[in-house]
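**Q** FYI, in the working numbering the residues of the sequence shown are 2 to 144. Quick one: structure below, then a few questions.
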Amino acid sequence: MDGANVIGARADGWWRDRPGAARRLVAEIAAWTAAAKSDPAQSGQGELPARIVVVLEGAARSGIPAGEVGMAPPPATDAPPGRPPTVVVMHAPGHGDDAIVAAAAEAGPGPLVITSDRALAERVRALGADTRGARWLRECLGG
């Protein structure tokens with residue numbers, strides 16, 4: 002996922018606090034995946050993938066450490082056992098697009114890449130990835 006694209010898809014002042022915007026995005030994704038675990042219709046696409054990678058670049062990297070995001074267990078429900086997707090933060094050492102392409106290639110066939118960057122979308126589609134725009138994810142996250 003192109004973290005910069007998703008953060009920038011909502012004009013909420015993110016540019017004044019890029020690290021804070023990165024923290025909020027990852028927290029929203031964690032809450033969304035936990036809610037979707039108990040009610041899959043909330044995911045916006047049915048079943049969620051086992052792993053969600055959020056690629057951060059520039060100042061946003063200082064907002065949240067790279068690695069797997071620790072998530073609190075979802076509230077007890079009548080949902081079948083299982084766990085929400087693993088959310089992983091990746092810090093791009095340089096240009097975020099290159100890190101996203103590498104992550105898509107590593108994921109194997111059929112990953113879903115969230116970006117509104119047309120050139121990046123073309124690059125990952127060439128690897129067999131599907132793409133959705135940042136606004137799609139923002140809608141799934143609740144706006």
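Note that beta-carbon positions come from the ideal geometry of N, C-alpha and C, so glycine has one too. Predicted model, so just to flag it, every value in this text is computed and none were measured.
#1: According to DSSP, simplified to helix, strand and coil, what is D99?
#2: Report, in whole angstroms, the separation of the C-beta atoms of V27 and V102, which I expect to be a contact under 8 Å.
#3: Suppose the cutoff is 7 Å on Cβ atoms and the five residues either side in sequence are ignored; what does the same chain contact list for V7 look like?
#4: For L128, name the three-state secondary structure that DSSP assigns.
#5: Give a yes or no on whether the C-beta atoms belonging to H96 and L57 are separated by under 8 Å.
#6: Should E107 go down as buried or exposed, given a rule of 16 or more other Cβ atoms within 10 Å for buried?
#7: Please report the Cβ distance between A23 and S117, rounded to the nearest whole angstrom; I am assuming they are in contact, meaning their Cβ atoms lie under 8 Å.
#8: What number of angstroms, rounded off, separates the C-alpha of P94 from the C-alpha of G109?
#9: Given this structure, state the Cα-to-Cα distance separating D13 from G21, to the nearest angstrom.
#10: Below 8 Å on the Cβ atoms is my guess for D98 versus L113; work out the distance and round it to an integer in Å.
#11: Would you give the residue range spanned by the alpha helix (DSSP H) that L138 belongs to?
#12: Using 10 angstroms around the beta-carbon of V125, count the other beta-carbons present and answer buried if the total reaches 16, otherwise exposed.
#13: Which one or two residues does DSSP pair with G68 in a beta bridge?
#14: Under the DSSP definition of a beta bridge, which residues are partnered with I30?
**A** Let's see:
#1: helix
#2: No, V27 and V102 are not in contact; Cβ-Cβ is about 21 Å, not under 8 Å.
#3: L26, I115, A135, L138, R139
#4: coil
#5: no
#6: exposed
#7: Rounded, the Cβ-Cβ distance is 17 Å, inconsistent with contact.
#8: 22 Å
#9: 11 Å
#10: Actually they are not in contact, since the Cβ atoms of D98 and L113 sit about 16 Å apart, beyond 8 Å.
#11: 135-141
#12: buried
#13: V90
#14: Paired residue(s): none; I30 is not in a bridge.
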